[in-house]
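Accompanying notes for the structure given below.
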Amino acid sequence: MNLQHYKQESAKLRQQITNLQNSNRTLIGDAIATMNHRDLKQLEARLDKGLGKIRARKNELLCSELEYMERRELELQNDNLYLKSRVEENERAKQTTNMMGAPSTSEFQQSFAPYDPIKSFLQFSIMQQQQPPPPPQPQPSQYYFQQQDDRKLFNLDKWTLGDLRF
């Protein structure tokens, strides 16, 4: 009983494989010469339907990419404004420091005698105490990483605008 069941299943699977191979050959045009008019019309309808789905998917991907780019543009504008304000803040701090009469870095370095390891260590310590702490570095935008994930998810690297035909 068990052996007979497996033989029947095997025959069904072979038939399915044969049908799929024939269908595949038909879709790629290998067996087109032997097809009648009705079969050709059905094939054309199936291909048109498939192309419609592909175009819809490309449109969907393009729209999502445009939305993402708009969000990214706003993020970059905000980052740019933040960085501009930090630069202006640093410039004001430099002007304030220069107005107080603090020597510039080159004047400060020239005022020391030739190299002495002990003095150099002390000078380095003094210079570190006089310098303001460095400004915090802006964190990388979360959208950059999201963009990379989206590109991998949708495999957009191979799509170009030239590929889109409507």
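When the letters of the sequence shown are read in order and numbered with our numbering, they come out as residues 493 to 658. We put the beta carbon where it would ideally sit given N, CA and C, even for glycine.
C-beta contact flag for residue i and residue j at 8 Å
{"i": "A523", "j": "R517", "result": "yes"}
Burial state of residue i, where buried means 16 or more other Cβ atoms lie within 10 Å
{"i": "E501", "result": "exposed"}
{"i": "N514", "result": "exposed"}
{"i": "L495", "result": "exposed"}
Worksheet item: Does the pairing of the segment 530-540 with the segment 504-519 give three or more beta-carbon distances under 8 Å?
Response: yes
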